[in-house]
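Residue numbers (my numbering), protein chains in the order written: chain A, 20 to 311; chain B, 490 to 995. Virtual Cβ for every residue (Gly too), placed ideally from N, Cα, C.
Set out below in structure tokens:
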């Protein structure tokens with residue numbers, strides 16, 4: 020899948036239509052190159068909201084699902100504020116994915132595949148004729164949203180909010196990220212598709228095909244900052260003041276972009292439920308300020 | 490029915506007890522065998538139950554493994570993008586720990602039933618999905634593999650079929666590891682070769698051959714019981730020996746001795762009345778009571794016999810006594826004379842003959858009653874004047890005699906003079922007699938001539954006649970001159986049978 024980028028070419032059907040209040044499971048059959056029709060289904064959870072308020076697409080972090088605690092809590096909080104919330108789970112190449120994908124699994128997914136799925140879900144949301152769509156991502160999910168925004172984002176998307184935006188961290192000290200990127204490109208050119216294990220992100224052994232890892236490595240911090248500076252869509256970053264995963268100058272560099280940066284002092288990477296309500300407050304403020 | 494001796498009865502008792510012990514031993518042995526058989530049957534049933542449960546566990550476990558793999562996201566990942574299927578099959582699936590070592594192979598099949606990538610991997614798996622596509626069965630093809638095939642759906646509602654999962658489970662290895670077998674021997678587990686190629690799990694318990702584990706507890710238990718049985722029988726036999734010994738020494742032998750002693754007494758004919766069961770006290774109370782009762786009866790019999798003998802003696806003594814005076818009568822005199830005549834050891838003998846002077850006059854003047862009193866007084870006086878062993882006989886109305894053995898004439902004279910003096914001293918006046926009675930005493934002494942009493946009696950009679958002729962109240966010894974002028978000798982009586990007996994008895 021990675022080197023023959025799966026392109027979601029059609030939104031076939033919404034298998035479960037959202038009705039009433041409360042979370043409803045949603046399945047989206049995707050059509051992609053090399054995938055038999057109906058063989059790839061993405062799952063999501065949708066909470067309908069006030070039609071006058073923007074609908075939020077809430078995207079999880081690296082290898083997680085929409086059941087990840089912070090995503091679930093934010094979805095519940097936003098829904099309680101009257102916002103419609105769609106929390107999809109990226110398939111990562113696994114139809115009906117229900118579990119967090121293990122680091123040791125054979126990873127074939129890439130940033131482009133995620134961007135295609137985001138696009139498909141936005142199309143699904145647009146079918147509901149919302150007043151506006153706001154994309155909210157957590158951690159690497161924010162990077163996925165940035166990657167979507169870097170392309171030709173749908174005009175219905177009025178705002179991007181990246182929570183704890185971070186690149187896929189390359190944890191190998193003896194090999195520089197750029198050097199590994201070059202080597203992966205060389206392997207791909209040589210037709211070497213053998214997966215290997217890498218210390219990537221929070222995984223000590225991230226077993227991935229070369230194009231899969233490359234797609235994440237290529238989203239370097241610089242690329243994130245540049246993209247954030249270039250995108251025309253309004254971008255807001257909500258960061259934890261004590262996020263240990265970030266580089267020492269990451270907040271300052273973010274502030275240097277066109278994006279607006281909100282910092283919640285004392286907060287970490289929003290993985291443990293702490294500062295959940297502060298985060299929700301910031302989100303709601305940004306949603307209220309969404310341009311129509 | 491002929492009564493049996495105590496020895497035979499004891500033997501019969503011991504024989505019966507031995508038969509009883511043998512019977513008990515046989516019964517215990519049968520019970521032991523039955524217990525052993527029961528335990529074996531229980532163990533066999535328990536082993537079969539264990540195997541049934543283990544097969545159920547294994548089947549359930551295989552289904553759980555299959556279900557976990559089917560529900561696994563990465564399985565669905567491979568059925569959509571199978572590029573790294575071999576990596577998933579050979580490494581990833583095992584690295585998760587979802588597949589135990591007994592699962593020798595896993596395989597994924599597409600919706601058409603073709604194995605992914607056309608490769609089964611290092612462990613053979615069917616290249617095409619067998620039909621029906623959902624199954625669990627044991628295939629016996631050089632190994633004992635429990636195959637599981639089941640569909641993999643994309644969605645929880647099973648509306649979207651992605652393909653199929655197959656896994657190959659080493660049934661016997663898994664079975665042996667499934668549980669700690671207590672009764673079935675896991676090393677003996679084997680599939681019956683005649684069971685066929687594909688076996689449904691429901692049939693597995695029936696085609697699984699196994700052996701019941703030899704449990705040390707059962708053998709120990711049986712050995713313990715057998716040992717207890719042997720000890721019990723030995724204890725009973727020892728008790729019987731002790732009982733037999735006690736029976737012999739406390740009952741049989743004393744009873745036999747008692748019986749033999751009684752038989753001996755019975756065979757001695759009359760002497761038994763004098764005899765006791767002079768045995769040591771018997772150890773059994775009842776036997777001792779019998780012995781004492783017997784001795785008591787013997788004592789009573791002996792006393793009765795003594796009384797009878799005493800009565801006989803009294804009767805015989807009365808027959809030899811003079812009823813008026815109580816001294817010996819003529820009959821006794823004759824018996825003693827015959828005995829004396831036969832006694833070769835007899836020494837010098839003096840025969841004294843006493844005659845009351847003028848007794849007829851006393852009778853006439855004072856009556857027969859006084860006469861009797863006079864005779865009794867004379868008898869008493871004479872008896873008291875004789876030596877203790879000398880007998881006094883009344884041999885006539887007023888005539889007494891006494892035989893003094895081992896006596897010389899001087900002693901005879903002294904005795905006669907003592908008699909006369911005491912008669913003279915006796916007071917006869919109470920009976921109206923103005924003067925005492927007097928006696929004429931004739932004495933004949935054998936003096937080595939003859940000890941024939943009757944000869945002596947005749948001689949004494951002549952001497953007494955001489956004394957009486959001289960006026961009475963005198964003592965006269967016999968001498969030869971008297972034989973010429975005196976009266977003819979008294980006739981010698983023939984000894985009677987009674988006297989002969991007395992003589993015989995000495």
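Start and end residues, beta strand (DSSP E) containing residue i
i                      : result
residue 108 of chain A : 103 to 108
residue 44 of chain A  : 43 to 50
residue 487 of chain B : The question about residue 487 of chain B has no answer, for chain B in this structure spans 490 to 995.
residue 178 of chain A : 176 to 182
residue 883 of chain B : 881 to 883
residue 800 of chain B : Note, residue 800 of chain B: premise wrong, no beta strand (DSSP E); alpha helix (DSSP H) at 774 to 808.
residue 886 of chain B : No beta strand (DSSP E) holds residue 886 of chain B; DSSP gives it neither H nor E.
residue 844 of chain B : 838 to 845
residue 75 of chain A  : 74 to 78
For residue i, the nearest candidate out of the options (CA to CA)
i                      : options                       : result
residue 674 of chain B : B:702, B:697, B:659 and B:680 : B:702
residue 644 of chain B : B:560, B:588 and B:578        : B:560
residue 104 of chain A : A:138, A:296, A:64 and A:203  : A:64
residue 493 of chain B : B:635, B:803 and B:745        : B:745
residue 813 of chain B : B:776, B:838, B:869 and B:784 : B:869
residue 683 of chain B : B:695, B:691, B:587 and B:606 : B:695
residue 891 of chain B : B:748, B:834, B:816 and B:925 : B:816
residue 880 of chain B : B:818, B:711 and B:907        : B:818
residue 62 of chain A  : A:198, A:162, A:69 and A:119  : A:119
residue 565 of chain B : A:276, A:101 and A:116        : A:116
residue 536 of chain B : B:731, B:590, B:669 and B:509 : B:669
residue 752 of chain B : B:698, B:576, B:518 and B:783 : B:783
residue 665 of chain B : B:756, B:544, B:578 and B:555 : B:544
residue 180 of chain A : A:197, A:186, A:158 and A:193 : A:158
residue 540 of chain B : B:579, B:577 and B:691        : B:691
Residue i versus residue j: straight-line alpha-carbon distance, rounded
i                      : j                      : result
residue 160 of chain A : residue 90 of chain A  : 11 angstroms
residue 734 of chain B : residue 769 of chain B : 19 angstroms
residue 900 of chain B : residue 960 of chain B : 24 angstroms
residue 49 of chain A  : residue 215 of chain A : 28 angstroms
residue 500 of chain B : residue 743 of chain B : 16 angstroms
residue 653 of chain B : residue 300 of chain A : 48 angstroms
residue 933 of chain B : residue 889 of chain B : 14 angstroms
residue 636 of chain B : residue 625 of chain B : 6 angstroms
residue 822 of chain B : residue 884 of chain B : 7 angstroms
residue 121 of chain A : residue 182 of chain A : 23 angstroms
residue 442 of chain B : residue 113 of chain A : It is not possible to answer for residue 442 of chain B, since the shown part of chain B is limited to 490 through 995.
residue 832 of chain B : residue 948 of chain B : 20 angstroms
residue 262 of chain A : residue 293 of chain A : 12 angstroms
residue 720 of chain B : residue 525 of chain B : 19 angstroms
residue 956 of chain B : residue 787 of chain B : 59 angstroms
residue 302 of chain A : residue 96 of chain A  : 10 angstroms
residue 715 of chain B : residue 729 of chain B : 21 angstroms
residue 662 of chain B : residue 589 of chain B : 11 angstroms
residue 311 of chain A : residue 53 of chain A  : 39 angstroms
residue 657 of chain B : residue 629 of chain B : 12 angstroms
residue 514 of chain B : residue 508 of chain B : 10 angstroms
For residue i, the first and last residue of its enclosing alpha helix (DSSP H)
i                      : result
residue 527 of chain B : 495 to 560
residue 141 of chain A : 130 to 145
residue 860 of chain B : 848 to 874
residue 245 of chain A : 240 to 249
residue 208 of chain A : 196 to 208
residue 822 of chain B : 819 to 831
residue 295 of chain A : 295 to 307
residue 743 of chain B : 742 to 756
Q) Is it a yes or a no for the region 846 to 865 of chain B touching the region 780 to 799 of chain B, going by three-plus beta-carbon pairs under 8 angstroms? A) no
Q. Which runs of the alpha helix (DSSP H) fall wholly inside the region 659 to 734 of chain B and span at least 4 residues, in chain order?
A. 660 to 667 and 693 to 696
Q. Can you list the beta strand (DSSP E) stretches of 3 or more residues lying completely in the region 914 to 964 of chain B, in chain order?
A. 928 to 934
Q: Please determine if the region 216 to 225 of chain A and the region 239 to 255 of chain A are in contact, where contact requires at least 3 C-beta pairs separated by less than 8 angstroms.
A: no
Q. Should the region 232 to 243 of chain A be called in touch with the region 134 to 144 of chain A, which here means at least 3 C-beta pairs below 8 angstroms?
A. no
Q.
Using 8 angstroms as the cut-off, can you tell me whether the region 699 to 717 of chain B makes contact with the region 297 to 311 of chain A, which would need three or more C-beta pairs spanning the two stretches below that distance?
A. no
Q: Report yes or no: do the region 592 to 601 of chain B and the region 147 to 167 of chain A share at least 3 C-beta pairs separated by less than 8 angstroms?
A: no
**Q.** Segments assigned beta strand (DSSP E), at least 3 residues, entirely inside the region 575 to 612 of chain B
**A.** 592 to 598
Q) Is the region 92 to 111 of chain A touching the region 166 to 173 of chain A, taking contact as three or more C-beta pairs under 8 angstroms? A) no
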